[in-house]
Amino acid sequence: MKIDVMIVFINAWLILCCVGSDGVAGNICDTPADVCPLTQSLLSQREGYGRFANGGLNGKFVTVTSSADSGPGTLRDALSGAGSRWVRFAKDMTIDLKSKIRVPSNTTIDGRDRTIVIHDYGLGIYDQTRDVIVTHLTIDGRFKTLSQAINIANFSHDVWIDHLDLSRFNDRLINVKNGSTDVTISWVKFHDHNKVMLINNITDKDLFANYARDSQTRVTLHHCYFLNTVQRNPRAQIGILHAYNNLLENWDFYGMSFSLEARVTLEGNIFINSASRHCTEPPFFITKEGQDKNYCRDIAEAPSKAELGNGEADDENYLRTSDQFNYQHDVKAFLRVRDNLYLGDARAGVEDYHPEKVPVPSYCSSYEKPSLDLATQIRREAGNTRDDTPDVIDKCPTTVETRASRPAPRDDWRLESASAATMTADAQAGDRTITIREIADSAKPHGILKFFNGPSNARWFVNVTFKPIGNRSLAISIMSPSDPRARILALCSMAAARTPRRNPLAEAKASLDALDGGFYRCEASGIPSQANDGQIRIDLFTAEDQALRPIGDASKGMIISNIEAKWTSLRSAPAP
1 MKIDVMIVFI NAWLILCCVG SDGVAGNICD TPADVCPLTQ SLLSQREGYG RFANGGLNGK
61 FVTVTSSADS GPGTLRDALS GAGSRWVRFA KDMTIDLKSK IRVPSNTTID GRDRTIVIHD
121 YGLGIYDQTR DVIVTHLTID GRFKTLSQAI NIANFSHDVW IDHLDLSRFN DRLINVKNGS
181 TDVTISWVKF HDHNKVMLIN NITDKDLFAN YARDSQTRVT LHHCYFLNTV QRNPRAQIGI
241 LHAYNNLLEN WDFYGMSFSL EARVTLEGNI FINSASRHCT EPPFFITKEG QDKNYCRDIA
301 EAPSKAELGN GEADDENYLR TSDQFNYQHD VKAFLRVRDN LYLGDARAGV EDYHPEKVPV
361 PSYCSSYEKP SLDLATQIRR EAGNTRDDTP DVIDKCPTTV ETRASRPAPR DDWRLESASA
421 ATMTADAQAG DRTITIREIA DSAKPHGILK FFNGPSNARW FVNVTFKPIG NRSLAISIMS
481 PSDPRARILA LCSMAAARTP RRNPLAEAKA SLDALDGGFY RCEASGIPSQ ANDGQIRIDL
541 FTAEDQALRP IGDASKGMII SNIEAKWTSL RSAPAP
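Position 342, counted from 1, in the sequence shown is what UniProt numbering calls 342; the numbers after and before it change by one each time, with no gaps.
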């Protein structure tokens, strides 16, 4: 009898230890707190510029129980709604998506202990999304859609992408662009793909139109495995990249590419290639430009391009447009190169170039000298392995870091994301004057923006001092990303300031005052949203008329000498 009781007790103990409150194996905590073993075993692996990503820490566990595209229990449902969440999976599953899924802030997607495969579409991390961790998934596009596996864009930050298996998309596998920063990509397997990864997405017109925005991008890429790819492993422009202990094997065109004053530390990577190997490409890749490409014929020359020549990817566009835009920046990247290992027919393509301009990474890392043993480990452990992540980092001293201790990732004002090919802006640090000029033959919206954090229940006031060039008008828009319809919009010209009739907020107001020197001050105020996130965005657009229709005349634009924003809580005293 005592033995039977003991057996029951042991079985009950095993169930409690191995199955958590949400029914997922290995989850022994009620919430994903920092003291939870399941949570801590993942968070302890963070390193690089994305090391402050908390994901769904201190939120709630959410379990995916259905492999359907949408509906109750699905991954799409788990990523909807507000609040922090740590997403786990109740069983192995294959999910065929019908569209991309947007990942909200404060989210961990944790596929450990399961085999989770996502087909056809991937994940979008954009529009100021922060604190995202994605680990242990397979995302296979099957060459069916012109989409990305992971798209990190539009000022998103503190993102960690870990232990994924990514392949076969017609667009890129990973983007980090449009002001996004503080991203770590680790232990990811990239394979059977053409243009793998792009860090910052420049235009073919003014190559440095978004330099102020994109130069603050910071990405760490470590222990990733690039196998049977074509190119862009990665391609980095303008921002900061620390790439170490990655394995590139059998690329068909070139390995890595750096240009346009990207600041790159390239150390301890392993490049392996053969000039006479069999081509594994499909008959052609469908490209975003509508071209059908195959690179099998380039295999013989590919090993000599472990890294494409410094600046070579943008040489042609740089020379073609340099007279028009009077570039003050170098087409080459600034490089610090050391301890990379080239095996087989692989040959180095770059060397140090102004290494004093490359910032030394501000963190301790798990870097080790490259070797055949390291290559074997990366082949074995990179990707969506069913096992947990590698051992906890033990090479760094115990330190206490906070987000407040790191450098500011972005300038205060930046170009609006859709304006890459539609405008130029020059900022003078002394008087904080910004001149916005249109670019001829352009018909896209353009402007600058700044992000604020404030309460959802508040009245906002925005004062803009501006001087029109060529009778242009100005539009001020204040909104919350979670409720873009509920916004304040003021139209300001030399004659008047007003709010359009279509504005859904009756309390919105606008006023205009004439100042000396041909300047005007326009003020907009109102309550932009009752959204819980309380994130307010301010857009300024040059425009010809009430419809905000851009003309694309390089002689016209706007001089903005001062922008002030403040809010007054509807429940308490004014705040600065």
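Built from N, CA and C at the ideal position, the CB exists for glycine as well. Remember, it's a predicted structure, so these values are computed and weren't measured experimentally.
When we look at the beta-carbon of residue i and count the other beta-carbons within 10 Å, is it buried (16 or more) or exposed?
i	result
Phe466	buried
Asn273	buried
Arg172	buried
Lys305	buried
Met423	Here Met423 scores only 35 on pLDDT, less than 50, and its place in the model should not be relied on; the value that follows carries that caveat. Classification for Met423: buried.
Phe284	exposed
Cys492	buried
Ile560	buried
Pro282	exposed
Asp204	exposed
Leu515	exposed
Pro104	buried
Asp252	buried
Lys357	exposed
Gly71	exposed
Thr107	buried
Asp441	With a pLDDT of 48 at Asp441, under the threshold of 50, the predicted position of this residue should be treated as unreliable, though the coordinate-derived value follows. Result: exposed.
Ser21	Unreliable positioning characterises Ser21 in this predicted model, as indicated by a pLDDT of 45, which lies under 50. The coordinate reading is nonetheless provided below. Exposed, since its Cβ has fewer than 16 Cβ neighbours within 10 Å.
Val360	exposed
Thr499	buried
Lys177	buried
Ala547	Residue placement at Ala547 is poorly supported in this model, since its pLDDT is 47, which falls under 50; the coordinates are not used for a value here.
Gly518	exposed
Ala189	The sequence shown places Lys at residue 189, not Ala. That one is buried.
residue 658	Nothing about residue 658 can be read from this structure; the chain reaches only from 1 to 576.
For residue i, which residues from the same chain have a beta carbon less than 7 Å from its beta carbon, with the 5 sequence-adjacent residues on both sides left out?
i	result
Met494	Pro468 and Tyr520
Lys144	Asp120
Ile378	His223, Tyr225 and Leu247
Phe325	Asp206
Val331	Ser259, Leu260, Gly311, Asp314, Asp315 and Tyr318
For residue i, which residues in the same chain have their Cβ closer than 6 Å to its Cβ, ignoring the five residues on either side in sequence?
i	result
Asp140	His119, Ser167 and Arg168
Glu564	Asn463
Asn233	Val196, Phe226, Leu248, Gly255 and Met256
Val62	Ala78, Arg85 and Val87
Glu523	Asn463 and Ser511
Ile174	Ile150 and Met197
Tyr244	His222, Glu267, Gly268 and Tyr367
Leu146	Asn170 and Asp171
Asn54	Asp131
Ile202	Gln237
I want to check one thing, is the minimum distance from the CB of residue i to the heavy atoms of the ligand SAH below 8 Å?
i	result
Arg213	Among the ligands in the structure shown, none appear at all, so the ligand SAH cannot be discussed.
Which residues in the same chain have their Cβ closer than 8 Å to the Cβ of residue i, if we skip the five residues on either side of it in sequence?
i	result
residue 589	Given a span of 1 to 576 for the chain in the structure shown, any question on residue 589 remains unanswerable.
Gly23	Confidence at Gly23 is low in this model, with a pLDDT of 47, below 50, so its placement is unreliable and no value can be given for it.
Arg336	Val264, Thr265, Leu266, Glu267, Asp352, Pro355 and Val358
Gly309	Gly349 and Val350
Could you pull the start and end residues of the alpha helix (DSSP H) that residue i belongs to?
i	result
Ser41	Pro37 to Leu43
Glu316	Asp315 to Phe325
Glu381	Leu372 to Glu381
Tyr211	Tyr211 to Asp214
In the DSSP assignment, find the beta strand (DSSP E) that holds residue i and state where it starts and stops.
i	result
Glu249	Leu247 to Glu249
Arg112	From DSSP, Arg112 is part of no beta strand (DSSP E); its letter is neither H nor E.
Arg142	It is not in any beta strand (DSSP E) - Arg142 carries neither H nor E in the DSSP assignment.
Asp513	Lys509 to Ala514
Cys29	Per DSSP, Cys29 belongs to no beta strand (DSSP E) and is neither H nor E.
Thr220	Arg218 to His222
Ala254	It should be noted that the sequence gives Tyr, not Ala, for residue 254. Looking at the DSSP string, Tyr254 is not in any beta strand (DSSP E), and its letter there is neither H nor E.
Val233	Checking the displayed sequence, the identity of residue 233 turns out to be Asn instead of Val. Here Asn233 belongs to no beta strand (DSSP E), and DSSP marks it neither H nor E.
Phe334	Phe334 to Arg338
Glu312	Here Glu312 belongs to no beta strand (DSSP E), and DSSP marks it neither H nor E.
Gly526	Tyr520 to Gly526
Ala243	Ile240 to Tyr244
Tyr126	Leu123 to Tyr126
Problem set entry | the segment 61 to 77 contacting the segment 163 to 172, beta-carbon criterion three pairs below 8 Å | Under the three-pair Cβ rule at 8 Å, the segment 61 to 77 does not count as touching the segment 163 to 172.
Exercise. Is the number of C-beta pairs between the segment 259 to 269 and the segment 359 to 374 that are closer than 8 Å three or more?
Worked result: Touching, yes.
For this session: Kindly confirm or deny that the segment 208 to 226 and the segment 236 to 251 touch, where touching means at least three C-beta pairs closer than 8 Å.
Result: Yes, the segment 208 to 226 touches the segment 236 to 251.
For this session: Any chance you could list the beta strand (DSSP E) runs of at least 3 consecutive residues sitting entirely within the segment 32 to 104, in chain order?
Result: For the segment 32 to 104, the continuous beta strand (DSSP E) assignments of 3+ residues that do not extend past its boundaries occur at 60 to 64, 85 to 89 and 93 to 96, in sequence order.
Exercise. For the segment 343 to 369, which segments carrying the beta strand (DSSP E) assignment without a break, of at least 3 residues, lie completely within its bounds, in sequence order?
Worked result: You should have found no qualifying run.
For this session: Could you pull out every unbroken beta strand (DSSP E) segment of at least 3 residues lying fully inside the segment 260 to 308, listed in chain order?
Result: With a minimum length of 3 residues, the continuous beta strand (DSSP E) runs that stay inside the segment 260 to 308 are 263 to 267 and 270 to 273.
Exercise. Taking three-plus beta-carbon pairs below 8 Å as touching, is the segment 337 to 353 in contact with the segment 295 to 303?
Worked result: The segment 337 to 353, when compared against the segment 295 to 303, does touch it at the 8 Å Cβ threshold.
Exercise. Fully enclosed by the segment 134 to 206, which beta strand (DSSP E) runs are 3 residues long or longer?
Worked result: Listed in chain order, the complete beta strand (DSSP E) runs (minimum 3 residues) inside the segment 134 to 206 are 150 to 153, 157 to 167, 174 to 176, 181 to 186, 189 to 195 and 197 to 199.
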